[in-house]
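Written out below as structure tokens is the structure these notes cover.
2 protein chains.
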Amino acid sequence: MRHQQLSELGQQLRVDSVRAAAAAGSGHPTSSMSAADLMAVLMGNHLRYDFEQPEHPGNDHLIFSKGHASPLLYSIYKAAGALRDEEFLTFRKRGSRLEGHPTPRLPWVDVATGSLGQGLPYGVGTALSGKRLDHLPYRVWVLCGDSEMAEGSVWEAFEHAGYERLDNLIAIVDVNRLGQRGPTRHEWDLDAYARRIRAFDWHTVEIDGHDIEAIDRAYAEALSTVGRPTAIIARTMKGRGVASVENREGMHGKPLKNAEEAIAELGGVRNLAVPVLGPPSVTPTRPPSEGPLVLPRYNPGDSVPTRDAFGEAVAAVGTARGDVVALDGEVGDSTRLEYFHKEHPERYFEFFIAEQQLVAAAVGMQNRGWNPYVSTFAAFFTRAYDFIRMASISDAGLNLIGSHAGVAIGEDGPSQMGLEDLAALRAVHGSTVLYPSDANQAAQLTAAMAERSGIRYLRTTRGATPVIYPPSETFPIGGSKVIRATEDDRVTLIGAGVTLHEAIEAADRLAQEGIPARVIDLYSLKPVDVETLRTAAEVTGRLITVEDHHPEGGLGDAVLAAFGDGRPVPRMVRLAVRTMPASATPAEQLHDAGIDADAIVAAARDLAGRDS
Amino acid sequence: MRHQQLSELGQQLRVDSVRAAAAAGSGHPTSSMSAADLMAVLMGNHLRYDFEQPEHPGNDHLIFSKGHASPLLYSIYKAAGALRDEEFLTFRKRGSRLEGHPTPRLPWVDVATGSLGQGLPYGVGTALSGKRLDHLPYRVWVLCGDSEMAEGSVWEAFEHAGYERLDNLIAIVDVNRLGQRGPTRHEWDLDAYARRIRAFDWHTVEIDGHDIEAIDRAYAEALSTVGRPTAIIARTMKGRGVASVENREGMHGKPLKNAEEAIAELGGVRNLAVPVLGPPSVTPTRPPSEGPLVLPRYNPGDSVPTRDAFGEAVAAVGTARGDVVALDGEVGDSTRLEYFHKEHPERYFEFFIAEQQLVAAAVGMQNRGWNPYVSTFAAFFTRAYDFIRMASISDAGLNLIGSHAGVAIGEDGPSQMGLEDLAALRAVHGSTVLYPSDANQAAQLTAAMAERSGIRYLRTTRGATPVIYPPSETFPIGGSKVIRATEDDRVTLIGAGVTLHEAIEAADRLAQEGIPARVIDLYSLKPVDVETLRTAAEVTGRLITVEDHHPEGGLGDAVLAAFGDGRPVPRMVRLAVRTMPASATPAEQLHDAGIDADAIVAAARDLAGRDS
């Protein structure tokens, strides 16, 4: 499009942003107006996208990292003919696809944004897919705010994109000088941003973000830059075009006071229809399956760490499924994800110690149809918890595997122990949470988790645990295993992972004391096996849960979720890690935390002796 | 000390690192050996520290961000005469203060480390305290690994320290080229680090980290650099000094195979006692109380957002207590923390949108005796979850205030809704979790939380809620309020925050239907009011919990924690946010999530009608 038209389009995007916020009575028009010219030139002259076919493999990707500028994004969709004005004006209303911050309920939105500093790391994942997995020429455009440059996750992304030489990634930084509550750290010091980003091996271009010609040239320069990603640092004005809000503090996140006047000041309503460039005709390829799924098999009686079983299984899954990729946070030797690397190096990605970028990249990749396995220590997924939370809003399918769970890791101490991971992952909407106790089980769950939607979490154990199931046993997600059961059971012991083995030992000892105890392996914490737990409650009336996790939000709470519908609830005793651990051997740790067989026996004796 | 002695000291620190790991049978000697010369010169010639008086206000602060190099740290303590060899060799053993990763169980350790990328952000908090709160000349030395430079949190710290011109902060980057599983991203490209760090307005010095003279000069240069923090980028060798491990892959995190040979190769055991420089004689000052605590008072019947009450209360607490400081993540206008800023600007800190640095700085400040209030949206504390987890290991006292909780925020949509925060914060060891429903309650809890130890979390509400308590009412932490009660109650409704008001309305409607319902305001979720809940269970036999949070780990689980000791458990129905919300008004959100009065009435009717 010609520059005069693009200038008009910029005004249209502003007018529509004002209209949307006015109709909603809330929203962020001023943050939209600063970037309107940047987006007008992008959609008019550079973006390649077929709005009729959002799944077209040749489509570019446009990510609004500053998700609060959703009025601008929806104005683009409208100008592209993808949204009718009627729907456009449902912005922020109940039932509308046009949410306050963009989500993939709209087919043109890749990922939910709104928690700042996430769009660029997602873009890195998508751009990496383009280069190393899809081998497709799409480009990834990420509109960033200047405020969010303070987030460390953005610098994880700059670092990784520079390192991977992602010249298919373009960051557009809308430097409008004003954050939510006042000036940003660097205000209009474009060079402060540019020299930081350049130091991370990016190409940078500094422009006036309201100069249509300069914007157009900058995009062309970005597209012709080879071997480096490009950041366009654009000086803009928040609220640009309406004097009462332009470059003024206190105008963040609210509709303009007089929308009609503002629209008139912007030259009135326009109805330009933008002929967005189409994507190139491309043929996507996906690596074929290299063979059937042949999971590792372990012999009952042997001792094998579930992390090892995970590693061998994920390598096997990678052989059977061409769509599986693996992402490591510089601990692949410990998590055993490196077993995947040995067999499928082309689908293995090293993110070094940058857990936010690690998880974000997986979100970007799954958006391109890949099925990612992401692994680090259970404790260190807490570093990426906001990304996991946001991934659930994106309805992203991720396999997260947290190793080194609980006090059972032993001497390394509490900083390395996942003791909050079950609580955190269970609280994520739509998540699946698995915690195998045995190598054959771990292997099967590793394969099964990839078939689920949403966030799937598998917790693995550092040390060896006895193999108690034959390789032929099956472990449906949402199920459990009753290890011991008679009609005379007076108490039920429920464990998972390391604590299951303590529960089995406790049951053996209790049997000798004449207290028959049922034992349940609760390998699926979410969804939980409601029926088996209820039966156990009816028969034995008393439950003891034992978990290598803090008492809040883990296995004990998972069990109680089976009784949250008003039915009678059994008596319960909950054994969990209630003190701050220090260094000690694994066995000492279990003992000191009161989650070993001794503690279970004592609790069971006491509970079984009580009146019902 | 002379350079020859320092060289010997470096060897001693290596030998002792090897000895400690050998005695433990685990640990990270090679990561210790790379930084031994750096630390020898620091402790011999530059660190000012009285090991007899770890609380001396003039002491420098030494933070091992690479916490796995704990053998080196403990070797320093031993060389300084603070640890006897007998205790030194208890490294990683049960009951020892010498944990696998350092914790403040040792009086010379400020903060627990071991989750990488955290030491520098903590150091920023301590250095800021020195400059702007303590007005003391101590210096903060942070030993960083090269692998952890990949963590975004490190770049949040570089950015903030550069911005605040913290020339009392020195980062020492031990570039030993090898991470856990292989080479780091930049290996020995010192300039890759230096130009990134310089771009963030630091002074940098690149040296050979085994050249005693160069190290000594670099520290002197750092100490004479004014107006900028300094980073010393040191090229080192992992496992330096022992040929079988020096600069070799696969030698991370394990004792040396033949410790005796290695010690011989290092020249044998030494017993140098290092006369560490003493701290300057200083007089710490603390702002005096400006008056008694005069909390805001709200009139029953008015409607006031609890976030407003928090804001007014924290300003009042700041007046009464000179030790209180406030830290904002660029949302102070929304969280109302800015009310503190208006009255106490000298104790208010803006961290922009960098939640990891935000929380870390508070940890650094509380370590200096300050009592920090830290506020952002409830949802965005998930960004700092690993820092909160680690802060609990440091036994740090922090007041965290999460605003904009739950679906009740309305149109902004799920990215802005704290729906996992209660689960995450409850799962932190030793935490306190509060959720007021009324402005007077919020004000009192705001003041009371500062008196607790550990992590204190207060959840506030965006919209106005009715004031239901007189200003004279008291709200002990660990208590609750019974709002309605008779001996004939057939069901108990338990809410907090916005849902309490829905429960009250539901009780009114149920009373008209002839179903008397008890109502409990569970403003303290952890600790929870066990006695009141048990009484309600005994009298009514049936509980309904209702919470603006996902069903896992929140209020419903907090209630059940009162029944986890084997006593009879009441029947329960748990209303919570079980679907993914989108944009809608607050009232629509509560309705759609099934947590409004309508939903409570329906659930209570059903539950009260069941057989006991």
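As they're listed, the protein sequences go chains A and B. Residue numbering for the first sequence follows my numbering, beginning at -7 and increasing consecutively. Residue numbering for the second sequence follows my numbering, beginning at -7 and increasing consecutively. Note that beta-carbon positions come from the ideal geometry of N, C-alpha and C, so glycine has one too. Here the structure is a predicted model, which is why all the values come from computation and not from measurement.
Using 10 angstroms around the beta-carbon of residue 602 of chain B, count the other beta-carbons present and answer buried if the total reaches 16, otherwise exposed.
-> exposed
**Prompt:** Taking the Cβ atom as the reference point for each residue, do residue 170 of chain B and residue 221 of chain B lie within a distance shorter than 8 Å?
**Reply:** no
Checklist entry - Is DSSP giving residue 196 of chain B helix, strand or coil here? => result strand
* Per DSSP, what kind of secondary structure is residue 175 of chain A in: helix, strand or coil? -> strand
inquiry  = Which of the three DSSP states is assigned to residue 552 of chain B in this structure?
reply    = helix
For residue 180 of chain A, decide whether its Cβ has a neighbour in chain B, counting only Cβ atoms nearer than 8 Å. no
Is residue 331 of chain B near residue 306 of chain B, with beta carbons less than 8 Å apart?
yes
* Answer with yes or no whether the minimum CB distance from residue 198 of chain B to chain A is below 8 Å. => no
*Do residue 490 of chain A and residue 536 of chain A have their C-beta atoms within less than 8 Å of each other?*
no
Evaluate contact between the region 78 to 85 of chain B and the region 34 to 51 of chain B, counting only Cβ atoms and requiring at least three cross-stretch pairs below 8 Å.
no
In chain A, which residues lie less than 8 Å from residue 192 of chain B when you measure between Cβ atoms? 188
- Starting from residue 371 of chain B, trace the alpha helix (DSSP H) both ways and give me its first and last residue. Unbroken run through residue 371 of chain B: none, as it is neither H nor E.
Please classify residue 504 of chain A as buried or exposed, where buried requires at least 16 neighbouring CB atoms within 10 angstroms.
exposed
- [ ] For residue 378 of chain A, return the contacting residues in chain B, with the cut-off set at a CB-CB distance below 9 Å.
- [x] 347, 371, 372, 373, 374, 375, 376, 377
**Message:** I'd like to know whether the C-beta atoms of residue 448 of chain A and residue 394 of chain A end up nearer to each other than 8 Å.
**Reply:** no
Same chain, Cβ closer than 7 Å to residue 281 of chain A, five either side skipped, listed in chain order: 312, 313, 314
- Could one say the Cβ of residue 485 of chain A lies closer than 8 Å to chain B's Cβ atoms, at least one of them? no
Could you round the C-beta distance between residue 224 of chain A and residue 165 of chain A to whole angstroms and report it? I think they count as a contact, below 8 Å.
7 Å
For the alpha helix (DSSP H) containing residue 62 of chain A, name the first residue and the last one. 62 to 71
Cutoff 6 Å; reference residue 300 of chain B; Cβ partners in own chain excluding five residues on either side: 328
| message | Using only the alpha-carbon positions, how far apart do residue 570 of chain A and residue 538 of chain A sit? | response | 12 Å
Report the rounded CA-to-CA distance for residue 274 of chain B versus residue 116 of chain B, giving the unit in angstroms. 21 Å
Practice problem: Let me know the secondary structure DSSP gives residue 605 of chain A once reduced to three states. | Solution: Only positions -7 to 604 of chain A appear in the structure, and residue 605 of chain A is not among them; the question remains open.
* Contacts around residue 459 of chain A, its chain only, beta-carbon distance under 8 Å, and the 5 residues preceding and following it disregarded -> 290, 291, 292, 293, 294, 295, 296, 430, 431, 432
* **Contacts around residue 74 of chain A, its chain only, beta-carbon distance under 6 Å, and the 5 residues preceding and following it disregarded** => 43
How would you call residue 127 of chain A, buried or exposed, if buried means at least 16 neighbouring beta carbons within 10 angstroms? exposed
Give a yes or no on whether the minimum CB-CB distance between residue 421 of chain B and chain A is below 8 Å. yes
**Q.** Under 8 Å by beta carbon: chain B residues contacting residue 549 of chain A
**A.** 544, 545, 549, 552
Taking C-beta pairs closer than 9 Å, name the residues in chain A that residue 100 of chain B reaches, listed in chain order.
-> The contacting residues do not exist; residue 100 of chain B stays about 17 Å from chain A at best.
Closer than 8 Å by beta-carbon distance: list the chain B residues that pair up with residue 323 of chain A, in chain order. 172, 173
**Message:** Starting from residue 6 of chain B, trace the alpha helix (DSSP H) in both directions and tell me its first and last residue.
**Reply:** -5 to 16
Minimum length 3: unbroken beta strand (DSSP E) runs contained in the region 372 to 452 of chain B:
390 to 395, 424 to 426, 447 to 451
ask   = For residue 381 of chain A, which residues in chain B fall below 7 Å Cβ to Cβ?
value = 374, 412
Taking C-beta pairs closer than 9 Å, name the residues in chain A that residue 602 of chain B reaches, listed in chain order.
558, 559
- Helix, strand or coil for residue 243 of chain B per DSSP? coil
**Item:** Which of helix, strand or coil DSSP assigns to residue 295 of chain A
**Value:** strand
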